Amino acid sequence: RLTDPPLGRLREAVRRAVTRAVDKTDVDVLFVCQAGLLVEFAIETGPPVAAHTDATDLDSLESAGRLRDIVAASLSSCDLLAADSAATAAQLGSRWIEPDPERPIEIWPLAGSAKQVVDGCQKALTRRFTP
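Below, the structure written as structure tokens:
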């Protein structure tokens, strides 16, 4: 577990990298394939965010603390959230985010999922801009 000073430096370095990358491109939606600080910074940049997570991501962040709280809040703010399995989706819904019937957690493995990634990004874009 990182203490606050190293966590703060790490967060700021990642924030700057993500912001630079988004500022240099004209993206419609961001796809993040892990639960972690990248989700938080993707959300802060403004475009819709689709995120995919697996049990390893969640397990690595399970201990109580500031980082876990940041990631949980970020996952709750994604326009689309996908999990690698039904078990991971259940873990997300029971211990990480408040389930939302209008934004159900999708279930698909990341490997070989190019079509699901594209479809998920389109759903995130549609959810953000459709009343």
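Residue 20 is where the sequence shown starts when you use the numbering used here, and the numbers rise one by one after that.
Using N, Cα and C, we set each Cβ at its ideal position, and we do this for glycine too.
Remember, predicted model here, so these are calculated numbers, not experimental data.
Requested in this report: Report yes if the C-beta distance between residue 26 and residue 70 is below 8 Å; otherwise report no.
Outcome: As a working mapping, residue 26 is identified with position 7 in the sequence shown. As a working mapping, residue 70 is identified with position 51 in the sequence shown. No. Outside cutoff.
Query raised in the report: Roughly how many whole angstroms lie between the Cα atoms of residue 108 and residue 28?
Result: The residue given as residue 108 occupies position 89 in the sequence shown. The residue given as residue 28 occupies position 9 in the sequence shown. Rounded to the nearest angstrom, the two C-alpha atoms are 31 Å apart.
**Report entry** Host alpha helix (DSSP H) of residue 136 (start-end)
**Finding:** In the sequence shown, counting from the first residue as 1, residue 136 sits at position 117. Run containing residue 136: 133 to 148, per the alpha helix (DSSP H) assignment.
Requested in this report: Take every Cβ of the stretch 66 to 80, pair it with every Cβ of the stretch 42 to 55, and state whether three or more of those distances are shorter than 8 Å.
Outcome: yes
Query raised in the report: Is residue 100 helix, strand or coil by DSSP?
Result: Here residue 100 refers to the residue found at position 81 of the sequence shown. Of the three classes helix, strand and coil, the one that applies to residue 100 here is strand, per DSSP.
**Report entry** First and last residue of the uninterrupted alpha helix (DSSP H) at residue 80
**Finding:** The residue labelled residue 80 in the question sits at position 61 within the sequence shown. No alpha helix (DSSP H) contains residue 80, which DSSP labels as neither H nor E.
Query raised in the report: Over what stretch of residues does the alpha helix (DSSP H) that includes residue 58 continue unbroken?
Result: To locate residue 58, count along the sequence shown from 1; it is residue 39. Note, residue 58: alpha helix (DSSP H), 56 to 64.
Query - Endpoints, the beta strand (DSSP E) within which residue 69 is located - result: The residue given as residue 69 occupies position 50 in the sequence shown. Residue 69 -> beta strand (DSSP E) spans 68 to 72.
Report task. Return the CA-CA distance between residue 143 and residue 24, expressed in angstroms with no decimal places. Result -> For the purposes of this step, residue 143 is identified with residue 124 of the sequence shown, where counting begins at 1. For the purposes of this step, residue 24 is identified with residue 5 of the sequence shown, where counting begins at 1. The straight-line gap from Cα to Cα measures roughly 34 Å.
Query raised in the report: Do residue 33 and residue 56 come within 8 Å of each other at the CB atom, strictly closer than that value?
Result: Residue 56 sits at position 37 when you count from the first residue of the sequence shown. Residue 33 sits at position 14 when you count from the first residue of the sequence shown. Yes, they are a contact pair.
Query raised in the report: Using the rule of at least 16 other Cβ atoms within 10 Å of the residue's Cβ for burial, across every protein chain shown, is residue 61 buried or exposed?
Result: Here the question's residue 61 lines up with position 42 in the sequence shown. By the 10 Å Cβ count, residue 61 comes out buried.
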